[in-house]
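Here is the structure we will look at, set down as structure tokens.
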Amino acid sequence: MANLHTQEVKHVTDIVQVLNSGIDFYTDAKEKVDDKRLAQFFDRMLNARRMVKERLQPFAVQEEGKREEGSAFTVEARKVYTKVMGAMSSDKDATYIAQLEEVEDKTLEELRIALKEKQPPQYESALLQSLATMQECHDEMRALKKATKH
Numbered sequence: 001m002a003n004l005h006t007q008e009v010k011h012v013t014d015i016v017q018v019l020n021s022g023i024d025f026y027t028d029a030k031e032k033v034d035d036k037r038l039a040q041f042f043d044r045m046l047n048a049r050r051m052v053k054e055r056l057q058p059f060a061v062q063e064e065g066k067r068e069e070g071s072a073f074t075v076e077a078r079k080v081y082t083k084v085m086g087a088m089s090s091d092k093d094a095t096y097i098a099q100l101e102e103v104e105d106k107t108l109e110e111l112r113i114a115l116k117e118k119q120p121p122q123y124e125s126a127l128l129q130s131l132a133t134m135q136e137c138h139d140e141m142r143a144l145k146k147a148t149k150h
């Protein structure tokens, strides 16, 4: 007998795609920056994104029937822009920080879109936990961005 309370999860693949792109972007940035402390900071952001991704993957499987391994076009475009600007800029670390803060903005936006929908309770709980984690990352990145402005 089907459960009448079963709801479809909505918007999880978009979130995971943004997380995947951010993971790739942070990995690239970590290898390109000169400051070891900044690389360690990026590593912490990477770990938070991986944790959130794994928290949401079961819902991606529920939504799409498989793990989501794709990436988001908007974040991919930002990576290309950052590579060009980084090559031209005298302060590539600041360029990465500014662009990664935009990636954090996009991640929060996608989580908030999902939370506006009526979601199954377990997914909503995972979204709220993920939003809290990603809000912390965003706030840290924003503080770093402000601290690096001249």
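Residue numbering for the sequence shown follows the UniProt record's numbering, starting at 1 and increasing by one per position. Ideal placement from N, C-alpha and C gives every residue a C-beta, glycine not left out.
Item                                                                                   : Value
Spatial distance of V12 from A94 (CA atoms)                                            : 31 Å
Exposure label - E68; buried when at least 16 CB within 10 Å                           : buried
DSSP state of R67 mapped onto helix, strand, coil                                      : coil
Contact set for D43: own chain, Cβ-Cβ below 7 Å, skip 5 residues either direction      : K30
Residue burial classification, E104 (beta-carbon count within 10 angstroms, cutoff 16) : buried
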